[in-house]
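With the first letter of the sequence shown counted as 1, position 328 gets the number 328 in the UniProt record's numbering; the numbers rise by one all the way through.
As structure tokens, the structure follows; a few thoughts come after it.
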Amino acid sequence: MTTAPDTASLPAIVAPREPAEPATAAPARREPAVGLLVYASTLLVLVASGAAPSPLYPVYQEEWALPPVVLTVVFAVYVLGLLATLLTAGRLSDHIGRRPVILGALAVSTVAMLVFAFAHDGLALVVARILQGLAIGLATGALGAGMIDHQPTRRTGLAAFLNGVVPPAALTVGALGSGFLVAYGPAPEETVFVVLAALMVAAGVAVAFVPERQPRRAGALRSLVPSVVVPRAARAVFTAVVGGMIASWALGGMFLAFIGSVLGTTFGLHSAALTGAAIALFTGTGAITGIVIRTRDARRSLIVGVVALVLGPIGLVAAIWTASLPLFAVAAVIGGVGFGAGFQAGLRLVLAEAPVDQRASLLSSVYVASYLAFGVPSIVAGVFVEADGLPIVLTVYGAFVAASALVALVLQLTGRRTRRAERIADARDAAAS
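Here's what the structure looks like:
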């Protein structure tokens, strides 16, 4: 059975080494990194909740006789909800603080989980996904910036490590947990979301006790005007690396949206547990990659990532046409490397240029670009897959991902030559003087 796309939520960003804070902030940051860990745990719950519905959509489609177009609508409204809050409220936590924004997002997400738990038709799924999209879009920038705010000065790499590892790990946990509950647990359609709702309530209680590190400043209402803000200091680097971000999340959308259909129609595997395991193979590789590249050169890691983003979709398409399950597994691992390195290394470079008071706005702008790459191709593919067939649609999709990665690779290689030439010229000028 071919289903329309659905995806997990977008992981949060890898934070780079941050600019030095004012001297007055240092004493407050000698306390244990409780706030950082609370925000990381909250991120884990929210991102896992985004992955949890994926193994259930084939179940919903079969039980409620939903046409593929309904699941396409479910995905589309999720992306629209994300973009709506990213474009309007993405900068809000820079003005009113991280904690109020995160608590509001958790409240909305808890309601979404309860709607999922008691859903009995496609309309309920649409409502739940709208709410989930709004909540995750509201929380992502605030959580990413809040984790940086609470990074202790003596543990300068901790926020970057957690920002890089938690999201793909959460996708893995969410997909695996949901898949195995669907396959083997009691009342899986309710249990998954009731558990997640309880975890969100617990996260909200913990967040309420986290000290606020972002001072209030004027302009909160003005910040709600839809905008995409890339600080001037980060624009050149953003332009150079955005192709890698697009390729990373376009491949993420391709893999997560159609994994159930590929396993079912190509390999005859209809187990929700296997669907969750396949998603976990992709996202888990991304998480491991994030750990490996943590201390590696960001530009070299980005080049490795975009090369993997060329090879991954090619392998995935070849596996579909040849019905080769081993090739599919290898392509998932290669794609996971690109997913982890291509996005995270680029963000390390971009965020290194971010002014302290514009963290959330820059993060939200990055998320807008990433969600567009993640969502739009998947929605378009979902519209055409029933008429044109999964292999043809995913071949075109894979070509788009590989082409985007090739553009990013060319930009990085030419940029390296330009920087090398500039260094040589500077050295010659210095020697001449």
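Think of the CB as a built atom: it goes at the ideal place given N, C-alpha and C, for glycine as much as any other residue.
In angstroms with no decimal places, state the Cα-to-Cα distance between Thr265 and Ala318. Along the sequence shown, read from residue 1 onward, the residue named residue 265 stands at position 265. Along the sequence shown, read from residue 1 onward, the residue named residue 318 stands at position 318. Computed Cα separation, rounded: 15 Å.
Quick check on this structure: which residue in Leu176, Leu138, Val229 has the alpha carbon closest to the alpha carbon of residue 491? This structure cannot settle anything about residue 491, because the visible part of the chain is limited to 1 through 433.
Within 10 Å of its beta-carbon, does Tyr367 have 16 or more other beta-carbons around it, so buried, or fewer, so exposed? Counting from one through the sequence shown, the residue named residue 367 turns up at place 367. Buried is the call here.
Q) Which class does Val229 belong to by DSSP, given the choice of helix, strand or coil? A) If you number the sequence shown from 1, residue 229 lands on position 229. In the structure shown, Val229 sits in coil (DSSP, three-state: anything other than H, G, I, E or B).
Discussion item. Between the alpha carbons of Thr283 and Ile291, how many angstroms are there, rounded?
Written reply: Residue mapping note: residue 283 aligns to position 283 of the sequence shown, counting from 1. Residue mapping note: residue 291 aligns to position 291 of the sequence shown, counting from 1. Between Thr283 and Ile291, the C-alpha separation is close to 13 Å.
* To do: Pair every Cβ in the segment 232–245 with every Cβ in the segment 339–351, then say whether three or more of these pairs are closer than 8 Å.
  => yes
Item checked: Within 8 Å, strictly: CB atoms of Leu302 and Ala352 -> Locating residue 302 in the sequence shown gives position 302, counting from the first residue. Locating residue 352 in the sequence shown gives position 352, counting from the first residue. Not closer than 8 Å, so no.
Using only the alpha-carbon positions, how far apart do Ala159 and Ala273 sit? Locating residue 159 in the sequence shown gives position 159, counting from the first residue. Locating residue 273 in the sequence shown gives position 273, counting from the first residue. If I take the Cα positions, the gap works out to 32 Å.
Once DSSP output is grouped into helix, strand and coil, what is the label at Leu269?
Within the sequence shown, the letter at position 269 stands for residue 269. Coil.
Go through the segment 191–251 residue by residue and report every complete run of the alpha helix (DSSP H) that reaches 4 residues or more, in order. 220–223
I need the DSSP call for Phe118, collapsed to helix, strand or coil. If you number the sequence shown from 1, residue 118 lands on position 118. The answer is coil: DSSP assigns Phe118 none of H, G, I, E or B.
Open item on the list: Which residue wins for smallest C-alpha separation from Ser364, given the options Val330, Ala145, Gln132, Leu46?
Closed with: Here residue 364 refers to the residue found at position 364 when the sequence shown is read from its first residue. Cα-wise, what sits closest to Ser364 is Ala145.
Q | Distance, Ile102 Cα to Leu138 Cα | A | Taking the sequence shown and counting its residues from 1, one reaches residue 138 at position 138. Taking the sequence shown and counting its residues from 1, one reaches residue 102 at position 102. Using only the alpha carbons, I get a separation of about 7 Å.
Residue from Ala405, Pro53, Ala329, Leu269 with nearest C-alpha to Glu190 = Start at 1 with the first residue of the sequence shown, and residue 190 comes out as number 190. Comparing Cα-Cα distances from Glu190 to each of Ala405, Pro53, Ala329, Leu269, the minimum goes to Pro53.
What are the boundary residues of the alpha helix (DSSP H) that includes Ser49? Position 49 of the sequence shown, counted from the first residue, corresponds to residue 49. Looking at the DSSP string, the run of the alpha helix (DSSP H) that includes Ser49 is 34–51.
Checklist entry - By how many angstroms is the C-alpha of Arg154 removed from the C-alpha of Pro377? => result By 1-based counting over the sequence shown, the position of residue 377 is 377. By 1-based counting over the sequence shown, the position of residue 154 is 154. Each residue's Cα considered, the two are about 43 Å apart.
To the nearest angstrom, how far is it from the Cα of Pro22 to the Cα of Leu106?
Translated into positions along the sequence shown, residue 22 becomes position 22. Translated into positions along the sequence shown, residue 106 becomes position 106. Below a pLDDT of 50, predicted positions are generally treated as unreliable, and Pro22, at 43, falls in that range; the measurement from the model is reported next regardless. For Pro22 and Leu106, the distance between alpha carbons rounds to 31 Å.
Sorry if obvious, but does the Cβ on Ser301 come closer than 7 Å to a heavy atom of the ligand HEM?
As for the ligand HEM, it is missing from this structure, which has no ligand bound.
Exercise. Given a cut-off of 8 Å, decide if Gln358 and Asp94 are closer than it, judged by their beta-carbon atoms.
Key: Translated into positions along the sequence shown, residue 94 becomes position 94. Translated into positions along the sequence shown, residue 358 becomes position 358. Yes, the pair counts as a contact, with Cβ atoms nearer than the cut-off.
(request) For the segment 391–408 and the segment 308–317, state whether three or more C-beta atom pairs, one from each stretch, are separated by less than 8 Å. (result) yes
* Asked: Of all the options Ile130, Pro211, Leu143, which has the alpha carbon lying nearest to the alpha carbon of Val79?
  -> Counting from 1 along the sequence shown, the entry for residue 79 is found at position 79. Ranking the options by Cα distance to Val79, first place goes to Ile130.
Entirely enclosed alpha helix (DSSP H) segments - the segment 86–131, minimum 4 residues: 93–96, 98–117
Open item on the list: With H, G and I counted as helix, E and B as strand and the rest as coil, what does DSSP make of Ala65?
Closed with: On the sequence shown, residue 65 is found 65 positions in, with the first residue counted as 1. Here Ala65 sits in coil by DSSP.
(message) Assuming the contact rule is C-beta atoms closer than 8 Å, Gly174 and Val47 should be a hit. Round their C-beta distance to whole Å, please.
(response) Locating residue 174 in the sequence shown gives position 174, counting from the first residue. Locating residue 47 in the sequence shown gives position 47, counting from the first residue. With a Cβ gap of about 7 Å, Gly174 and Val47 count as contacting.
So the alpha helix (DSSP H) Leu327 belongs to, where does it begin and stop?
Along the sequence shown, read from residue 1 onward, the residue named residue 327 stands at position 327. Counting along the chain, the alpha helix (DSSP H) containing Leu327 begins and ends at 325–351.
| message | At the level of alpha carbons, what is the spacing between Thr85 and Ala208? | response | Stepping through the sequence shown from its first residue, residue 85 is reached at position 85. Stepping through the sequence shown from its first residue, residue 208 is reached at position 208. Each residue's alpha carbon lies about 22 Å from the other.
TODO: Put Pro313 into one of helix, strand or coil per three-state DSSP.
DONE: Position 313 of the sequence shown, counted from the start, is the residue given in the question as residue 313. Of the three classes helix, strand and coil, the one that applies to Pro313 here is helix, per DSSP.
Distance between beta carbons of Leu82 and Tyr371, contact taken as under 8 Å:
Residue mapping note: residue 371 aligns to position 371 of the sequence shown, counting from 1. Residue mapping note: residue 82 aligns to position 82 of the sequence shown, counting from 1. Contact flag correct, Cβ pair sits at about 5 Å.
Roughly how far, in whole angstroms, is the beta-carbon of Leu56 from the beta-carbon of Val194, given that I think they are within contact range, below 8 Å?
Position 56 of the sequence shown holds residue 56. Position 194 of the sequence shown holds residue 194. Actually they do not touch by this definition, with Cβ atoms about 14 Å apart.
Going by Cα to Cα distance, which pick from Val74, Thr140, Leu71 is closest to Gly104?
Translated into positions along the sequence shown, residue 104 becomes position 104. For Gly104, the nearest C-alpha among the options comes from Thr140.
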